[in-house]
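Here's the structure, in structure tokens; my notes come after.
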Amino acid sequence: MMAMDYDDLRTEVKEAQEVSLEELQAAKAPTAMSAIREVEESDDADPEASTGEEITDELVIQVIPPRKDEFVCSSCFLVHHQSQLTRERAGLLYCSDCES
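Here the sequence shown is numbered in full-length UniProt numbering, starting from 1 and rising by one per residue.
Here is the structure:
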């Protein structure tokens with residue numbers, strides 16, 4: 001009885017990977033200069049974006065202050081429940097994630 005290596009790839013998978021690798025190697029990869037040219041061309045194609053005009057759209061966000069049982073960590077600036085408060089020094093509060 002022949003021992004099977006269950007970690008070894010199946011034959012059809014190996015062949016598919018080899019073909020894919022060969023196709024990738026044969027394909028012409030973009031160079032740094034071609035990428036720069038492509039970006040410059042896309043900038044030229046959008047004349048409104050390159051004029052330096054200010055954007056007048058406003059983003060409106062409703063800010064909800066922390067509740068009485070919550071605090072803002074002075075290290076990660078996330079709002080946590082009071083149960084995650086680990087340290088308070090000079091009026092600054094720190095959560096258990098930042099202290100560990």
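Cβ atoms here follow ideal geometry from the backbone N, Cα and C, with glycine treated the same way.
Contact between HIS80 and GLU88 fails: their C-beta atoms lie close to 13 Å from each other, not under 8 Å. With contacts defined as CB atoms closer than 8 Å, LEU59 and SER74 fail to qualify as a contacting pair. If you look at CYS95, you'll find it in the beta strand (DSSP E) that goes 92 to 95. When the Cα atoms are used, THR86 and SER100 turn out to be separated by approximately 9 Å. Counting the other Cβ atoms within 10 Å of the Cβ of CYS76 gives fewer than 16, which makes it exposed. Between ALA90 and VAL72, the alpha-carbon positions lie close to 14 Å from each other. In this structure, DSSP gives GLU88 an extended state, which the three-state scheme calls strand. Here GLU23 carries a helix assignment [DSSP, helix/strand/coil].
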